[in-house]
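I have placed the structure first, in the form of structure tokens, so that the comments after it can refer back to it.
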Amino acid sequence: MKQNSYPIFAAFIFLLFPLIGFSQVKDTVLIDFGDNFSPLPWNNISDPISGAIVDLNNQKQKATGYSIEVVDPFNNINRNGMTATDPSIDMPSSATGDSFFGNVADFGGQTQPTGGVLFKNLNPETDYYFEIFGSREATDYRETKFVATGSNIDSFFINSASNVSELAIFTIKPTINGQITILVSPGPNNNNASKFFYMGAIRMSYPEQDVPPVVAVRDSILIDFGDNLSGSPWIDIIDPVGAVVENLLTNTGKQTGYKLAVTDAFNNINRAGTLSSDPSTGFPPTASADSFFGNVADFGGQ
16 MKQNSYPIFA
26 AFIFLLFPLI
36 GFSQVKDTVL
46 IDFGDNFSPL
56 PWNNISDPIS
66 GAIVDLNNQK
76 QKATGYSIEV
86 VDPFNNINRN
96 GMTATDPSID
106 MPSSATGDSF
116 FGNVADFGGQ
126 TQPTGGVLFK
136 NLNPETDYYF
146 EIFGSREATD
156 YRETKFVATG
166 SNIDSFFINS
176 ASNVSELAIF
186 TIKPTINGQI
196 TILVSPGPNN
206 NNASKFFYMG
216 AIRMSYPEQD
226 VPPVVAVRDS
236 ILIDFGDNLS
246 GSPWIDIIDP
256 VGAVVENLLT
266 NTGKQTGYKL
276 AVTDAFNNIN
286 RAGTLSSDPS
296 TGFPPTASAD
306 SFFGNVADFG
316 GQ
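If you read the sequence shown in this note's numbering, its first letter stands for residue 16, the second for the next number, and so on.
Listed below in structure tokens is the structure:
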């Protein structure tokens, strides 16, 4: 009887270990840098200067409350990345084929020796696992350095020249206020004359049970200065000299008791503002196209 019991116990142990290995389910956020957009569930950032996403979606297309913004501008977009990448990196060609790039020597009239993004609203108690890809079809050595900073700091180097399989990988815990910065620059072994470096895609993973910090819901007061009226919920102010509005209303129509008054007169109304502001600003064309203006030298007799 005792001899029969050992094989049964051994089989039980064998089955138990796989269960332990897969006990922590991961959530993932996917980010593509460039103007060749990747399909959902990817988040796309196309502005290498000031691009931002205020609420990143995860791979299940659910809002996470996490945000990302470019805080150190890149030069522009590289559209000559590698599209036939190793399946092991598990990224579509739309994400690997383009990237943000920077350079030390002048290129296109500018130098951008570093570039960087900032993640915000992360859980300060959670470890975040990053996998970053960048590539550019080339034959020289375009080493790119990635430095991730939260409550700890880590760095990684990859050669972006014709890269099809290398990923920069590190695990970072956010700062106490829930932030992680990723700074990109040329590595010391980069032998390209302009020292080009690249960031094309990020996969950020974390435990599924992680709950982002609760972001307080805020009331807003929307004010448009000029005579191209925006209408409710915007409050239109058309007098650049002595306008007074009592009891401003919020965007949901609530009375605030707040008062606004022009106490130092402007000259007049400018009607030549932009009609095509970045949608991320949240300002309609009626608000961005006109404004109050002033001047130091004489204009219009004042």
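We put the beta carbon where it would ideally sit given N, CA and C, even for glycine. Note that the coordinates shown come from a computational prediction; the quantities given were computed from them, not determined experimentally.
Beta strand (DSSP E) runs wholly inside the segment 100 to 159, at least 3 long, in chain order: Counting only runs of 3 or more, we get 114 to 122, 125 to 127, 130 to 135, 143 to 148.
Pair within 7 Å by beta-carbon distance, residue 59 and residue 71: Not a contact, by the Cβ cut-off of 7 Å.
Bounding residues of the alpha helix (DSSP H) (the contiguous stretch that carries residue 303): According to the DSSP assignment, residue 303 belongs to the alpha helix (DSSP H) that extends over 300 to 303.
Test item: CB-CB of residue 245 and residue 299 under 7 Å: Yes. Within cutoff.
Proximity to residue 251 [Cα-Cα], best of 212, 205, 305, 198: The residue among 212, 205, 305, 198 with its C-alpha nearest the C-alpha of residue 251 is 305.
Exposure label - residue 178; buried when at least 16 CB within 10 Å: By the Cβ-count criterion, residue 178 is buried, with 16 or more other Cβ atoms from all chains shown falling within 10 Å of its own Cβ.
Euclidean distance between Cα positions of residue 303 and residue 234: Take the alpha-carbon of residue 303 and the one of residue 234: they are about 21 Å apart.
Backbone CA spacing between residue 254 and residue 68 [nearest angstrom]: Their backbone Cα atoms lie some 35 Å apart in a straight line.
Near the ligand GTP: residue 41 beta-carbon under 6 Å from a heavy atom: Looking at this structure, you won't find the ligand GTP or any other ligand, since it has none at all.
Assigned secondary structure, residue 306 (DSSP; H/G/I helix, E/B strand, else coil): DSSP places residue 306 in the strand class (E or B) of the three-state scheme.
Contact check, residue 145 vs residue 219, beta carbons under 7 Å: Cβ atoms of residue 145 and residue 219: closer than 7 Å.
Whole-Å CB distance - residue 196 paired with residue 159, under 8 Å assumed: The Cβ separation is near 16 Å, so there is no contact.
C-alpha distance - residue 275 paired with residue 297, whole-angstrom precision: Looking at the two C-alpha atoms, the distance is approximately 22 Å.
Three-state secondary structure assigned by DSSP to residue 164: Strand at residue 164.
Nearest-angstrom Cβ-Cβ length linking residue 202 and residue 48, presumed shorter than 8 Å: Actually they are not in contact, since the Cβ atoms of residue 202 and residue 48 sit about 19 Å apart, beyond 8 Å.
When 286, 205, 137, 243 are compared against residue 222, the one with the closest alpha-carbon: Cα-wise, what sits closest to residue 222 is 137.
Residue 262 to residue 199 span [Cα, whole Å]: Spanning the alpha carbons of residue 262 and residue 199 requires a straight line of approximately 48 Å.
Straight-line Cα distance separating residue 192 from residue 162: Rounded to the nearest angstrom, the two C-alpha atoms are 19 Å apart.
Among 81, 287, 185, 128, the one whose alpha carbon lies nearest that of residue 91: Nearest C-alpha to residue 91: 128.
Separation of residue 135 from residue 80, as counted between CA atoms: Cα to Cα, the separation comes out at about 9 Å.
DSSP-derived helix/strand/coil call for residue 190: In this structure, residue 190 counts as coil in the three-state DSSP scheme.
Inter-residue CB distance, residue 154 and residue 176 (contact presumed, cutoff 8 Å): With a beta-carbon spacing of about 7 Å, residue 154 and residue 176 fall inside the 8 Å limit used to define contacts.
Cα-Cα separation between residue 157 and residue 149, rounded to whole angstroms: Inter-residue distance for residue 157 and residue 149 is about 10 Å (C-alpha atoms, whole angstroms).
7 Å Cβ cutoff met for residue 96 and residue 117: Remark: C-beta atoms of residue 96 and residue 117 do not approach each other more closely than 7 Å.
Where the beta strand (DSSP E) containing residue 86 begins and where it ends: Membership of residue 86 in the beta strand (DSSP E) is indicated by the continuous run 82 to 87.
Other residues of its chain near residue 290: CB distance less than 8 Å, five sequence neighbours each side excluded: 300, 303, 304.
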